[in-house]
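This report concerns only the one structure given below.
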Amino acid sequence: MTDAVVGDVPAGVGAIVVGNFSLESGQWFVPHSHPQHQLAWARRGVLGVSVGDAYWVLPRTRALWLPAGVVHRTGATRDAVLCSLYFAPHRCARNWPGPTPVGVDGLLAHLMVHLGDENLPDDARLRAEAVVLDLLRPLPATPIDVPTPADDRVRAVADALLADPADPRSLESHARAVGVSRRTHARLRAALPLLAEGQPVSRVAHTVGYATPSAFLAAFRRTVGTSPGRYLKGDTPP
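In the working numbering, the protein residues as written are 1108 to 1345.
Laid out in C-alpha cells, this is it:
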C-alpha cells in the first residue's frame, strides 16, 4: 500500500469523533491512515477492511480497531454505512498495537449511533464516551488472509523442504500439513460477506466452490478456529 494518504480528523469535545460514510456496492476508499486510532463498524450492511494481505469482514456484530498510523483500505461488497469512531491517542486508554477485532453488542452499537448525533450536549457526549471505552472487548479470532511467502505457515513449508529436499510430498500436501491453502483462504474471504448477510451455509458453500456444507464448515473451523456462526456473533473460539 504505497502512496497512502493521511486522513486527519478535526478534534472534538472529548476523546472521540464520529463519522458516518455511505458506501455503494464495490466502493473502496483509497489506502490511507489516520493520526487518530479508528474503530470501523458497519452501521448497515457488511464492510471489508484490508491491511496488507490481511482482510477482515465486519458484520454489525464486530468492529475493527485500527491503531493510529496503520495504512488500510475500507470498502463494501454490498451497499453499507461505515460508522467510524476516531480516538485521540493522548486521551484514549486503549493502546492495542495492531488491528484488533472488537465485539459489538446492542449497547455498544446504540452508543456509537448516539455519539454520531451532532446535537448531543457536551456533558452527555463525555458520559457516553466513557462507557464506550469500557465496552471495547477484543476478539481473538484471526483475519481471513491470503498468505504470501512472508506468512509463518508458508515459511514452515519452505523450512521443511530445506531440511529434507528429498521429501516426496507435493506442495499441496505440505500446505495441508501446516493448515494453509491460498485457495481455502480466498474462498473463505468470499464466503464471509455472504454469511454475514444471512445466507444459509448450504448456499454459501456451493457459491464459493465447496461440494458439501460439511466440507466448507470443516475448512472454516480449521482456518479460523471456530464456526461461522460463532465468528459472526463475536463469540470467543472454543
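Ideal placement from N, C-alpha and C gives every residue a C-beta, glycine not left out.
Checklist line | DSSP state of G1155 mapped onto helix, strand, coil | finding: Strand, per DSSP.
Margin query: Under 8 Å: do the segment 1297-1317 and the segment 1121-1141 share three or more Cβ pairs, one atom per stretch?
Written below: Result no; under three Cβ-Cβ pairs closer than 8 Å.
Notebook entry, point to check: Which partner residues does G1176 have in the DSSP bridge list?
Noted result: For G1176, which the question treats as bridged, DSSP gives no partner whatsoever.
Next item on the list: Using the Cα positions of L1173 and L1146, report the straight-line distance between them to the nearest angstrom.
Entry: Taking the straight line joining both Cα atoms gives about 6 Å.
Next item on the list: Leaving aside the five residues before and after V1239 along the sequence, list all residues of the same chain whose C-beta is less than 6 Å from its C-beta, in chain order.
Entry: Around V1239: L1218.
Checklist line | Identity of the residues DSSP links to Y1193 by a beta bridge | finding: In the DSSP assignment, the residues bridged to Y1193 are V1124, Q1145.
Check: Would a C-beta distance cut-off of 8 Å place L1154 and T1181 closer than the cut-off?
Finding: A contact, by the Cβ cut-off of 8 Å.
Next item on the list: Go through the segment 1184-1234 residue by residue and report every complete run of the beta strand (DSSP E) that reaches 3 residues or more, in order.
Entry: DSSP runs (the beta strand (DSSP E)) wholly in the segment 1184-1234: 1187-1194, 1207-1210.
Next item on the list: Report the three-state DSSP secondary structure of G1332 (helix, strand or coil).
Entry: Annotated three-state conformation of G1332 is coil, per DSSP.
Check: To which residues does DSSP link L1165 through a beta bridge?
Finding: L1154.
Note to self: Using C-beta distances below 8 Å, list every residue in its chain close to G1176, excluding the 5 sequence neighbours before and after it, in chain order.
What the structure shows: A distance below 8 Å between beta-carbons, with the five flanking residues on each side excluded, links G1176 to the following residues of its chain, in chain order: S1140, H1141, P1142.
Next item on the list: Note down the Cα distance separating V1156 from H1179, rounded to an integer number of angstroms.
Entry: Their Cα atoms are separated by approximately 7 Å.
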